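The structure appears right after this line, and notes come after that.
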Amino acid sequence: MTAVDASVFEGSFWRDPYPAYERLRAQAPVREVALPRGGTTWLVTRYDDVRAAFTDPRLVKDHRATLPPEVRAHAPRLPGPFGSMMILLDPPDHTRLRRLVSRAFTARRTAELRPRIEALAAALLDAVPTTEPVDLLATYAVPLPMAVICELLGVPDTDRDAFGTWSRALVDDHDDVDQQQATAGLAEYLYALVESKRRAPDGALISALVEVSEAGDQLSTEEVVAMGVLLLIAGHETTANLIGNAVLGVTTDATLREHLLADPQRIPAAVEEFLRWDGPVHNAPLRFAAEDVEYSGTTIPAGSVVTLSVGAANRDPGRFDRPELLDPERDTGGHLAFGHGIHFCLGAPLARLEGEVALRSLLDRFPDLRLAVPPEDLHHRRSVIVHALETLPVVLRPPAAGSASA
Numbered sequence: 001m002t003a004v005d006a007s008v009f010e011g012s013f014w015r016d017p018y019p020a021y022e023r024l025r026a027q028a029p030v031r032e033v034a035l036p037r038g039g040t041t042w043l044v045t046r047y048d049d050v051r052a053a054f055t056d057p058r059l060v061k062d063h064r065a066t067l068p069p070e071v072r073a074h075a076p077r078l079p080g081p082f083g084s085m086m087i088l089l090d091p092p093d094h095t096r097l098r099r100l101v102s103r104a105f106t107a108r109r110t111a112e113l114r115p116r117i118e119a120l121a122a123a124l125l126d127a128v129p130t131t132e133p134v135d136l137l138a139t140y141a142v143p144l145p146m147a148v149i150c151e152l153l154g155v156p157d158t159d160r161d162a163f164g165t166w167s168r169a170l171v172d173d174h175d176d177v178d179q180q181q182a183t184a185g186l187a188e189y190l191y192a193l194v195e196s197k198r199r200a201p202d203g204a205l206i207s208a209l210v211e212v213s214e215a216g217d218q219l220s221t222e223e224v225v226a227m228g229v230l231l232l233i234a235g236h237e238t239t240a241n242l243i244g245n246a247v248l249g250v251t252t253d254a255t256l257r258e259h260l261l262a263d264p265q266r267i268p269a270a271v272e273e274f275l276r277w278d279g280p281v282h283n284a285p286l287r288f289a290a291e292d293v294e295y296s297g298t299t300i301p302a303g304s305v306v307t308l309s310v311g312a313a314n315r316d317p318g319r320f321d322r323p324e325l326l327d328p329e330r331d332t333g334g335h336l337a338f339g340h341g342i343h344f345c346l347g348a349p350l351a352r353l354e355g356e357v358a359l360r361s362l363l364d365r366f367p368d369l370r371l372a373v374p375p376e377d378l379h380h381r382r383s384v385i386v387h388a389l390e391t392l393p394v395v396l397r398p399p400a401a402g403s404a405s406a
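Residue 142 in UniProt numbering sits at position 142 of the sequence shown, and the numbers go up by one each step.
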C-alpha cells in the first residue's frame, strides 16, 4: 500500500488545481489523498473512471451502508436536517425525495422563468456603479442566483444576505466553530420558515413541500428543512461561481469576447464550455465504498471515503482534445459538470439558463468590461468542493482610448 499523498490540497492548488489533477491522472488516477482538515479520501481523476463511478452501486452516499448490519442502525448521521439531504441519500429515500421536488425544475418550468431572471439581471446591472472598479461577484454573480432561488423557495428579500455567509462557511475550508455556527443558523432559520409556511401558505416551493407533507405524510418537517438547505446552497453557490468563472474567461480572452459579441446566440454553447473548462464544482460530494472497488487497476478498500473529481475528469485529454483550451465551439457533450446518473444535478436547466442570461445581459450592457487587476492578483477560495474566486474586480466602462486619466 502506497503512502497517502499529502501534496494535493495545498499551496498553489487553490488557485490552479489543474497541474495536480494532470499529475494524478497520469501517475495515480485513483489515489488516497489527505484532506485539508484531516482524514483522507480516494480521489478518482480520469474521465472514464469518474463517469462509471457515478453510477456504480458499490459507491453509496450514506456511509452507514458500509457498516455491518448490527452496527448500522446505531451509526451517527449528520446533525439535524443535514443527514436528510437528498444529495446524501441512496434509493429508495433519494428516489422519493427527488420525485417530490423534480416537478419544480423541469426544462419547461425553468424556461418560463427567463423573463423574471432577465428582469433581475437588468435591475442588478442598473445598480452597479460604472465609474469605478466594482466586485462583480458581490454585485451581480452572487445576488442574481440568490434572488432566483429565494423567490422559488419563498424566502423573504430581507433574509437573503445571511445565506451567503452560511453557505460559504459550509462549502469552504472553514474551522469547526464557523461550520457549526453556520449549520445551526441555517437550520434554525429554515425550521422557522417551514412553520411560517405551514401557517400562511404562499405557493412557493417550500410551502408546496409542506402541503405535500401534510396531505400524504410523504415528507417530514426535517426532510422539508433538509430540502431547503440543499436547494438554497446548491441553487446559488454553484451558479454564482459559474458566472464568475465565465466572466473571468471572457475578460482574459479577447478572441472569446469578440466571438460572443459578434453573435450572442453563441452564448449557450459557451456556457457549456465554461462548465467543462472551469466548472464551479470540482469534486462531487463524498461517496463511500460498500465493498472493494477497482478502477484503473487500483483497489479502493471497502469502507473508504471516495471523491469523484469532476474538474479533473473534464480536463482529461483522453476524453476532450486539448482540454486546457477554452474553445466555445468545442463539442462539450458528456461533460460531467452536473454529475451523472441518479444524482445528476436537478437544477442543471436553471443553472444553464441563469448562466446564459447573466453573461448575455452583462455583455450587452457592458461589452468593454475589463479586469481591474492583473489576473495573477486574483484570489480563490479554499474549498475542496468548488473552484471559485474570492472577488472579481472589474471596470465596466474603461476610459475611451486617448482620454485623460487621473
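Here a beta-carbon is modelled for each residue, glycine too, at the ideal position from N, C-alpha and C.
Computed from a predicted model, the values in this text were never measured in an experiment.
Checklist entry - Which of the three DSSP states, helix, strand or coil, is assigned to H380? => result Mapped onto the sequence shown, residue 380 falls at position 380. DSSP places H380 in strand when its eight states are reduced to three.
Checklist entry - Does DSSP classify V148 as helix, strand or coil? => result By one-based count along the sequence shown, residue 148 stands at place 148. Looking at V148 - three-state DSSP - the assignment turns out to be helix.
Checklist entry - Excluding sequence positions up to five away, which residues of its chain have a Cβ less than 7 angstroms from the Cβ of Y295? => result Taking the first residue of the sequence shown as position 1, residue 295 is located at position 295. Taken in chain order, the residues that qualify are V30, V44, D49, A53.
Next on the checklist: From the DSSP secondary-structure annotation, give me the bridge partner or partners of T307.
Outcome noted: Taking the sequence shown and counting its residues from 1, one reaches residue 307 at position 307. For T307, which the question treats as bridged, DSSP gives the partners L43.
Checklist entry - Who are F288's beta bridge partners in DSSP? => result Reading the sequence shown from its first residue, position 288 is the one you call residue 288. The partner list for F288 (beta bridge, DSSP) reads V60, V305.
Checklist entry - Are L346 and R116 touching if we call contact CB-CB under 8 angstroms? => result On the sequence shown, residue 346 is found 346 positions in, with the first residue counted as 1. On the sequence shown, residue 116 is found 116 positions in, with the first residue counted as 1. Cβ distance not < 8 angstroms, so L346 and R116 don't count as in contact.
Checklist entry - Taking the alpha carbon of S12 as the point to measure from, which residue in V394, I385, H379 has its own alpha carbon closest? => result In the sequence shown, counting from the first residue as 1, residue 12 sits at position 12. Checking every option, the nearest Cα to that of S12 belongs to H379.
Next on the checklist: Assuming T299 is part of the beta strand (DSSP E), what are its boundary residues?
Outcome noted: Position 299 of the sequence shown, counted from the first residue, corresponds to residue 299. 298-300 is the span of the beta strand (DSSP E), which, as asked, contains T299.
Checklist entry - Measuring CA to CA, which of V171, L152, L144 is closest to D161? => result The residue you call residue 161 lines up with position 161 of the sequence shown. Considering only alpha carbons, the answer is L144.
Item to check | DSSP state of L359 mapped onto helix, strand, coil | outcome: Here residue 359 refers to the residue found at position 359 when the sequence shown is read from its first residue. Helix at L359.
Checklist entry - Just curious, the beta strand (DSSP E) that E272 is in, first and last residue? => result What you label residue 272 is simply residue 272 of the sequence shown in a count that begins at 1. Premise fails: E272 lies in the alpha helix (DSSP H), 267-278, not in any beta strand (DSSP E).
Checklist entry - Under the rule that 16 or more other beta-carbon atoms within 10 Å means buried, what is I267, buried or exposed? => result Walking along the sequence shown from the start, residue 267 turns up at place 267. It is buried - the Cβ of I267 has at least 16 other Cβ atoms within 10 Å.
Item to check | Of the residues D62, G355, A312, E132, the one placed nearest F82, counting alpha carbons only | outcome: Working through the sequence shown from its first residue, we reach residue 82 at position 82. For the residues D62, G355, A312, E132, the minimum Cα distance to F82 belongs to D62.
Next on the checklist: Can you tell me whether T110 is buried or exposed? The criterion is at least 16 other CB atoms within 10 Å of its CB, across all chains shown.
Outcome noted: Your numbering for residue 110 matches position 110 in the sequence shown. Buried.
Checklist entry - Just how far apart, CA to CA, sit A234 and F274? => result Position 234 of the sequence shown, counting from 1, holds the residue named residue 234. Position 274 of the sequence shown, counting from 1, holds the residue named residue 274. Spanning the two alpha carbons is a distance of roughly 18 angstroms.
Next on the checklist: I'd like the span of the alpha helix (DSSP H) that includes residue 420, first residue to last.
Outcome noted: Residue 420 is absent from the structure shown; the chain starts at 1 and stops at 406.
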